[in-house]
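Chains as they are written, first to last, in my numbering: chain E, 1 to 538; chain D, 1001 to 1230. Think of the CB as a built atom: it goes at the ideal place given N, C-alpha and C, for glycine as much as any other residue. Keep in mind the model is a prediction, meaning the values are calculated, not measured.
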Amino acid sequence: MSGKINYSKLMFLIADDFGSFRNTVNSMLSSLGATNVVMAATAQEVFLQCQNKKFDVILCDYNLGAGRTGQHVLEELRHKHAISRDTIFIIVSAESSRTIVMCSYDCEPDDYLMKPITAKMLEQRINRLLKQRGIFSTAYAAIEKQDYLTASDILIDLSMAEDRYSNFAQKLLGTVFIRMGDLDKAERLYTRALEVRQVDWARLGLAVVKQARGDLELAGDWLEKIVADNPLYLPAYDAMATNWDKKGEKFNVQFTVQRAVDISPMSILRQKYLAEVATENNDLITALSAQRRSVKLGQYSCHGRAEDHFGFARISSLAVEREMDVDTNIGNEALAILDKAKEQYDLNDVQLAQCSLLAGRIHALERREDLAQSFFAAAEQILENVESNIDLDVDRVLALQSLGDKKKVTELLEELQTVYADDQEALEKLDVFLDEPASDSSREFVATINREGIELYNDARFDEALSCFEKARKLFPKHVGIQLNMVQSLIGKMKADIGDDSVKRDCRDCLNLVESLIDDEHPQYDRYRRLRNMANSI
Amino acid sequence: MKDNENGIDFSLVLASSVHDMKNSIGMLLASLESVIEDSPPTNEIQARRFSTLHYEASRINSELVQLLTIYRMQNDFLPVLIDEYYILDIFEDQIARNNVLMETKGVGMTLECDGDLNWYVDQDLIGSVVHNILVNCIRYTNSTIYMSAKVENELLCITIADDGKGYPDAMINRPITQIEDVEVSKGGTHLGLYFSDKIASFHKQNNRNGYIELANGGDLGGGIFKMYLP
């Protein structure tokens, strides 16, 4: 390695919960000439140090004790903008390579070192990384300023050099092209890389380009191939989930996120996403366990929110209300999780009111009416002094519903419709209560048979799917989603060339009915339009 | 993975305690190295003792790493991350890692590798193979080790040779792939070679898989380990 690096000019931070290891690394760095070495035993100390100083190199142990990992630390430092791209962050680990590989997919440290480490190893790695930092620093600065044109100019030069930095430069350049929206250039770059070798990053890049162009079928096929070859390549699952989402196929989104979560259960953002789509899909069992994990992981992560706790209480109360087969203790668990939110986060008034409403709702569902009433009273008291929002109001409606106070529910819903008359998004949230006036148990019933129907449809068993949706339609004749599911099955049948003219007629009837129910601001409107076009083109 | 009658998956228990042991050995190695650093050996005997300590600890460490890797291979948990890397970096990392061991044992090293030579490999897995063979060579060599990497026939060929007494005939005459069950259960492990061969075979390109070869002789007259990667 040419050009001696002057260690005395560099700022180092060593983070490890073991004093002996900190000291060992410290003396290794000193032997290399380092004079500015700061040590931290906990994640908290790292954050404090980074507030005051700018470090050139941070060596952070993966397992920092008390549930914290190097990944949490890196994510939080970036989240708080406490370090810039210029700081070299190395994760040091005695963990299995699997954990580290997952971690490197998720938070991309500059490098990772496996324990045991030696002074010489340390020197080599740091020298390499510092050299790389020197070469890429102008490109990083441009990216940070979102000056992608400058960044791409620099990176093009670096990637053409055919030296040890060209590969890294190419990878970075691909993402810059995509951010610039220059898909042609990105596509050429990835294609060229793939001519040499089938590397995952280039295959993924090409699939993402296809996705950005709207070629979702091809992108989906490619992504599926990538994970078939390398089932642990998490970024491909993320792109695949986005792909299904763009296609509007929520069940497949859930299935894909579930696959990624099974491989890497420690990512809070994926757990939250899973809970969200599973709730949308009415798969409350999955939603519950994902939300439970989100709460748990949130304890150590900068992505933890009080809302995760509320979400858990909301889903579990729904499960209790629908008398689903869940742990009988779920109500108490939810109450404890709500209490934890108060301990862990500095809640504002709106959040405190939400907390009380949710706790009240759970007590009401568990037939502890007195307790429920006192929680509601506490919530109402706060509500007098704060500006409400739709999510809080939805919690109010749910709370009243759980007490079985139909009159008050109707009054409140009417009031809210006036309050949010100009807020489509809020109205959509209220639609749930307005469109489906039947009991919750039958709502669950519909969700289940709807789900069954979609599975049958996916297996191309169209007639069975149709009879499934028909059952749901009997209960909710004006339910747009069910109608559209029927349309989709009928189209499937026509495409497969089974059935006669009556199929076409049924399809038209369904579409006409939907047309009378929705306008172009309805969340299912795009899907309706797509299906109508499809039906017409057959 | 199978649940046995007691409801405990023994392989999982084993894997997690292996993991634990590996971490302990890691700490032990680090402490040992600082001891050697603080009070370098003053005579032959001391140097030999240090090197024995260090060698045995390194050997346990790399053996445990292998056990874990094999466990993951069998359970499809092993991430293989193939990208373009510089072979010299991988060599230098492993030489640095075993630097203290080589110094205390007084082993010399000849390295032949073009600084610009890059190849598509999983850096960590290949690194662990090199480490494993290197530790073994340090143990069996008399005075010097030779390491090289070059491209032959569109394959990357990594060679690690020494001037010791070489691999036993039985090992050379039998295909590596036959090591699998019988040998391992006999306790004569050769796990390292099995492991190396597996890792080589994870590297594929144009229907060609990587493989390893053993020989004796060459310029140094001792054992020669070769790994070919497409």
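The beta strand (DSSP E) that contains residue i, what's its start and end?
i	result
E/Asp56	Careful: E/Asp56 lies outside any beta strand (DSSP E) and carries neither H nor E.
D/Gly1223	1223-1229
E/Phe18	It is not in any beta strand (DSSP E) - E/Phe18 carries neither H nor E in the DSSP assignment.
D/Val1151	1144-1152
D/Ile1158	1155-1162
State the DSSP-derived secondary structure class of residue i, mapped to helix, strand or coil.
i	result
E/Lys4	coil
E/Gly404	coil
E/Phe168	helix
D/Gly1187	In this prediction, D/Gly1187 scores a pLDDT of 46, lower than 50, which makes its location untrustworthy; the coordinate-derived value is nonetheless stated afterwards. DSSP places D/Gly1187 in coil when its eight states are reduced to three.
E/Leu347	coil
E/Glu464	helix
E/Thr256	helix
D/Asn1216	strand
D/Thr1052	helix
E/Met114	strand
E/Lys495	helix
E/Lys9	helix
E/Arg305	coil
E/Arg68	coil
D/Arg1208	strand
D/Asn1004	Residue confidence is low: D/Asn1004 scores 48 on pLDDT, short of 50, so the model does not pin down where it sits. Its coordinate-derived value is still stated next. Looking at D/Asn1004 - three-state DSSP - the assignment turns out to be coil, as it is neither helix nor strand.
E/Asp229	helix
D/Asn1132	helix
E/Asp215	coil
D/Asn1061	helix
Is residue i buried or exposed, if buried means 16 or more other CB atoms sit within 10 Å of its CB?
i	result
E/His81	exposed
D/Ile1008	exposed
E/His79	exposed
E/Arg203	buried
D/Phe1010	exposed
D/Gly1187	Confidence at D/Gly1187 is low in this model, with a pLDDT of 46, below 50, so the placement of that residue should be treated as unreliable; the coordinate-derived value is given next. It is exposed - the Cβ of D/Gly1187 has fewer than 16 other Cβ atoms within 10 Å.
E/Asn252	buried
E/Met1	Confidence at E/Met1 is low in this model, with a pLDDT of 44, below 50, so its placement is unreliable and the value that follows should be read with caution. So E/Met1 counts as exposed.
E/Gln417	exposed
E/Gln556	Beyond the ends of chain E as shown, which are 1 and 538, falls residue 556 of chain E; an answer cannot be given.
E/Arg292	buried
E/Asp272	In the sequence as presented, Asp is not what sits at residue 272 of chain E; that position holds Lys. Burial call: buried.
E/Asn6	exposed
E/Met160	exposed
D/Asn1267	The first residue shown for chain D is 1001 and the last is 1230, placing residue 1267 of chain D beyond what the model contains.
E/Arg532	buried
E/Ile539	The structure shown does not extend to residue 539 of chain E, since chain E is modelled only from 1 to 538, so the question has no answer here.
E/Gln170	buried
D/Ser1185	Annotation note: pLDDT 49 at D/Ser1185 (below 50); position unreliable, coordinate value reported separately. The residue is exposed, with fewer than 16 neighbouring Cβ atoms inside 10 Å.
D/Gly1210	buried
E/Gln51	exposed
List the endpoints of the continuous alpha helix (DSSP H) containing residue i.
i	result
D/Asp1020	1010-1038
E/Glu144	119-144
E/Thr191	183-196
E/Tyr525	525-537
E/Val199	Neither: E/Val199 is in no alpha helix (DSSP H) and is coded neither H nor E.
E/Phe89	Here E/Phe89 belongs to no alpha helix (DSSP H); instead the beta strand (DSSP E) covers 88-93.
E/Ser502	501-517
E/Val295	284-298
E/Lys247	234-247
D/Thr1141	Careful: D/Thr1141 lies outside any alpha helix (DSSP H) and carries neither H nor E.
E/Thr279	268-280
E/Thr150	148-160
E/Tyr105	97-107
What distance in whole Å lies between the Cβ atoms of residue j and residue i, which are believed to be in contact at a cut-off of 8 Å?
i	j	result
E/Leu358	E/Asp325	With a Cβ gap of about 22 Å, E/Leu358 and E/Asp325 do not count as contacting.
D/Gly1192	D/Asn1098	Actually they do not touch by this definition, with Cβ atoms about 15 Å apart.
D/Lys1204	D/Ile1158	No, D/Lys1204 and D/Ile1158 are not in contact; Cβ-Cβ is about 17 Å, not under 8 Å.
D/Gly1115	D/Ile1090	Not really, about 12 Å apart at Cβ, beyond 8 Å.
D/Leu1134	D/Ile1172	Their Cβ separation, rounded to whole angstroms, is 19 Å, which puts D/Leu1134 and D/Ile1172 out of contact at 8 Å.
E/Ala15	E/Val57	Contact doesn't hold; Cβ gap of about 11 Å is too wide.
E/Ile454	E/Lys495	17 Å between Cβ atoms; not a contact.
Just list the beta strand (DSSP E) runs in the stretch 1064-1123 of chain D, keeping only unbroken ones of 3 residues or longer that don't cross its boundaries, in chain order.
1082-1086, 1108-1113, 1118-1122
Any chance you could list the beta strand (DSSP E) runs of at least 3 consecutive residues sitting entirely within the stretch 316-366 of chain E, in chain order?
none
Report the start-end ranges of each beta strand (DSSP E) in the stretch 19-44 of chain E that is 3 residues or longer and not cut off at the edges.
36-40
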